[in-house]
Amino acid sequence: MASTALLTKFLRRKTPLTTAVSTLFLSSGGMPDSLNKPRNKIVPHPFQTGGPMSPYLHKAVKGGVLLRVNMPGVDQTQLKIRFENNDIFFEAEGQPEHPSERGRTYKGGFGLFGPNFKIAKIEPEMRNGILRVFITVHAVDENALLESDCTASFTTL
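Sequence positions in the sequence shown follow the UniProt record's numbering and run 1 to 157.
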């Protein structure tokens, strides 16, 4: 009788919050289908207290657009940036940690502007493994820059 009451009390307990967080670190082999589906939002690291949650940032600021991409192990000489059809693309390969290894390869791009914009100047700066690009833009409409969407894709190989 006492064991039945104890079992009922155990089954009524709520699962701890650590169970929900720990599913983020499990392999997808044995998870239910609802957890295997891709998610559209970025899930923050459970121990992160500050800083950006994404390896890239794109932000409309006064006079242009600011792009920031984290690329640890890359310096200015290894970086290639090109601009095609109002899109900016970057590619770099980091230094290997060991001579028998290959460094990380970073590739990505930002789809920036529609036909209502004219690019005036692109200023890339690579410092401490962080690429910062400020793009000066002249818009036909004053509010068009702040209302425009900037799409981004980023790949680490």
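Don't be surprised by glycine CBs; every beta carbon is placed ideally from N, CA and C.
Are the Cβ atoms of residue i and residue j separated by less than 7 Å?
i, j, result
"residue 138", "residue 120", "yes"
"residue 64", "residue 90", "no"
"residue 78", "residue 60", "no"
"residue 76", "residue 126", "yes"
"residue 81", "residue 46", "no"
Which whole-angstrom value is the C-beta distance of residue i and residue j, which I expect to be below 8 Å?
i, j, result
"residue 133", "residue 57", "Going by Cβ atoms, the distance from residue 133 to residue 57 rounds to 11 Å, so no, they are not a contact pair."
"residue 71", "residue 129", "6 Å"
"residue 74", "residue 55", "About 12 Å separates the two Cβ atoms, so there is no contact after all."
What residues match up with residue i in a beta bridge as DSSP calls it?
i, result
"residue 136", "64, 121"
"residue 126", "131"
Report yes if the C-beta of residue i is less than 6 Å from at least one heavy atom of the ligand ATP; otherwise report no.
i, result
"residue 104", "In terms of ligand content, the structure shown is empty, and the ligand ATP therefore cannot be addressed."
Fill in: Complete runs of the beta strand (DSSP E) confined to the region 71 to 98 [at least 3 residues]
Whole beta strand (DSSP E) segments, 3+ residues: 79 to 84, 87 to 93.
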